[in-house]
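Enquirer: Note that the UniProt record's numbering has the sequence shown beginning at 1, numbered continuously upward. Note that beta-carbon positions come from the ideal geometry of N, C-alpha and C, so glycine has one too.
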Amino acid sequence: MTPLKYLGAYPASVQDKVREMIAQDRLGEYLGKKYPARHAVQNDKALYAYTQTLKQDHLRNAPAIDKVLFDNRLDLTHRALGLHTAVSRIQGNKLKAKKEIRIAALFKETAPEFLRMIVVHELAHLKEHDHNKAFYQLCEYMESDYHQLEFDLRVYLTYRDLAARAKTPSDDSAGSS
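1) Throw me the rounded Cβ distance for the K99 and D66 pair, which I believe falls under 8 Å.
2) Decide if G82 is buried, meaning its Cβ has at least 16 other Cβ atoms within 10 Å, or exposed.
3) Indicate whether E128 and F135 have their beta-carbon atoms separated by less than 8 Å.
4) Is there contact here, the segment 22–42 with the segment 146–159, by at least three beta-carbon pairs under 8 Å?
5) Which residue from L59, V119, Q15 puts its Cα closest to that of V68?
6) Which residues in the same chain have their Cβ closer than 6 Å to the Cβ of T168, if we skip the five residues on either side of it in sequence?
7) Tell me which same chain residues have a C-beta within less than 6 Å of the C-beta of A86, skipping the five on either side of it?
8) Could you name the residues that DSSP lists as bridge partners for D71?
9) So, at 8 Å on beta carbons, what are the nonlocal neighbours of V18 in its own chain, with the 5 sequence-adjacent residues on each side left out?
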């Protein structure tokens with residue numbers, strides 16, 4: 001049975017459907033048909049503008065964002081696809097706090113829906129710090145299809161892992177006698 005580390009919280013019946021698509025080599029086809037386009041947001045300046053537009057449309061009263069960027073250091077090994085931070089500094093007798101959003105660089109090559117989902121997720125953290133009911137309601141307010149996109153993003157990450165494993169020669173065949 002193929003372990004599905006990104007889909008572990010989903011019911012067994014859903015995982016079985018994904019495993020069936022993997023066995024039939026249809027996962028890439030499913031994703032390609034559902035998400036054929038790639039977005040045009042390819043640099044930090046464009047990502048900042050994109051994020052500011054979403055914030056202005058949905059979270060006008062949220063704290064200002066000082067920096068938004070694609071981060072090559074964020075990846076699945078750190079279990080982070082996006083990161084929101086508040087950096088506080090003392091300058092003279094004033095405390096200055098800067099809000100930053102970092103998006104994993106892998107999102108440069110994804111469908112626009114996936115980029116929107118991860119930006120919405122990080123923006124929601126401006127108002128709700130924990131992944132609670134209010135947080136997910138806010139995500140759905142900003143992106144009505146949020147839960148489906150999150151699921152499909154997890155399917156995409158599964159597909160990426162499988163493709164990477166297929167490119168790498170197996171260690172099992174080496175050194176056995």
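Expert: The short version:
1) 6 Å
2) buried
3) yes
4) yes
5) V119
6) none
7) A97, K99
8) A104
9) L4, L7, L27, V155, T158
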